[in-house]
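Okay, so here's the structure we're looking at.
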Ligand code: ADP
Ligand code: NI
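Residue numbers (the numbering used here): 158 to 362.
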């Protein structure tokens, strides 16, 4: 199988696994991350595009959110890629990306060791920001039965507006690439504007 065919097969595999997923990790998220990763990669030198493509497509497969361990994830990705005779070194790079990409509530201080990892991570972070990021945050909140805004600070499950302060507004300072940073800033500003409007409409100002 050539690289192009491997990428096509991987798209099919991921689509099948994630289609209709309700927590914000659905196929269209993966597709956006894939497209953004390719865009970011254009501005970087010495990128292995094949690794970026497979890394983006497989970054949310067997996510820890669905109860999978790093070991499960490694096995699932390795088995799938080995079945298409992708070489072991490339498989290791993809598994590395999938295992280290997650923000894990802001506690992930691991700096991606590979350029391809930094690119896919930026693409994933961009998708948590801006208009799409806002949409995903409220979709996820609904999925978890959370209220939008806990104005009195009484909810014990947390609210979605808090998520902006705990994660989304921190992302712009955590980007790895130049293009990522530039795009993150735009999306950040949009989220700030959104929150201003949100509070003002909340109070019927
Ligand atoms: P990552 O890919 O960094 O692991 P997550 O799996 O944490 O991202 O989140 C997937 C999507 O759900 C993101 O858009 C994120 O902002 C959103 N999300 C995660 N946790 C929350 C939360 N507590 N409240 C609202 N949205 C959330
Ligand atoms: Ni993701």
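Glycine is no exception: its CB is placed at the ideal position from the N, C-alpha and C atoms.
CB-CB length for residue i against residue j, believed under 8 Å
{"i": "residue 294", "j": "residue 213", "result": "Incorrect: roughly 21 Å between the Cβ atoms, too far for contact."}
{"i": "residue 352", "j": "residue 286", "result": "Residue 352 to residue 286, Cβ: 13 Å. No contact."}
{"i": "residue 311", "j": "residue 197", "result": "So it is not a contact: roughly 41 Å between Cβ atoms."}
{"i": "residue 292", "j": "residue 303", "result": "Residue 292 to residue 303, Cβ: 15 Å. No contact."}
{"i": "residue 163", "j": "residue 252", "result": "With a Cβ gap of about 15 Å, residue 163 and residue 252 do not count as contacting."}
{"i": "residue 200", "j": "residue 335", "result": "6 Å"}
{"i": "residue 141", "j": "residue 184", "result": "Outside the displayed span of the chain (158 to 362) sits residue 141, for which this structure offers no information."}
Nearest to residue i (by Cα), restricted to the options the options
{"i": "residue 202", "options": "238, 171, 272", "result": "272"}
{"i": "residue 208", "options": "268, 246, 354, 333", "result": "246"}
{"i": "residue 289", "options": "357, 322, 336, 345", "result": "345"}
{"i": "residue 326", "options": "221, 342, 304, 231", "result": "342"}
{"i": "residue 172", "options": "188, 296, 160, 159", "result": "188"}
{"i": "residue 299", "options": "175, 169, 179", "result": "179"}
{"i": "residue 317", "options": "330, 332, 301", "result": "301"}
{"i": "residue 284", "options": "159, 337, 161, 170", "result": "337"}
{"i": "residue 165", "options": "225, 215, 250", "result": "215"}
{"i": "residue 333", "options": "269, 306, 234", "result": "269"}
{"i": "residue 233", "options": "167, 321, 274, 356", "result": "167"}
{"i": "residue 306", "options": "250, 319, 274", "result": "319"}
Burial state of residue i (16 or more Cβ within 10 Å)
{"i": "residue 267", "result": "exposed"}
{"i": "residue 309", "result": "exposed"}
{"i": "residue 210", "result": "buried"}
{"i": "residue 223", "result": "exposed"}
{"i": "residue 354", "result": "exposed"}
{"i": "residue 191", "result": "buried"}
{"i": "residue 358", "result": "exposed"}
{"i": "residue 324", "result": "buried"}
{"i": "residue 340", "result": "buried"}
{"i": "residue 193", "result": "buried"}
{"i": "residue 348", "result": "buried"}
{"i": "residue 177", "result": "exposed"}
{"i": "residue 361", "result": "exposed"}
{"i": "residue 226", "result": "exposed"}
C-beta contact flag for residue i and residue j at 8 Å
{"i": "residue 206", "j": "residue 255", "result": "no"}
{"i": "residue 240", "j": "residue 248", "result": "no"}
{"i": "residue 236", "j": "residue 258", "result": "no"}
{"i": "residue 220", "j": "residue 182", "result": "yes"}
{"i": "residue 331", "j": "residue 282", "result": "yes"}
N-terminal and C-terminal residue of the alpha helix (DSSP H) that residue i is part of
{"i": "residue 164", "result": "160 to 175"}
{"i": "residue 308", "result": "Counting along the chain, residue 308 falls outside any alpha helix (DSSP H), and DSSP gives it neither H nor E."}
{"i": "residue 348", "result": "335 to 359"}
{"i": "residue 283", "result": "272 to 283"}
{"i": "residue 192", "result": "184 to 198"}
{"i": "residue 322", "result": "317 to 323"}
{"i": "residue 256", "result": "245 to 257"}
{"i": "residue 295", "result": "287 to 300"}
{"i": "residue 213", "result": "206 to 215"}
{"i": "residue 227", "result": "227 to 239"}
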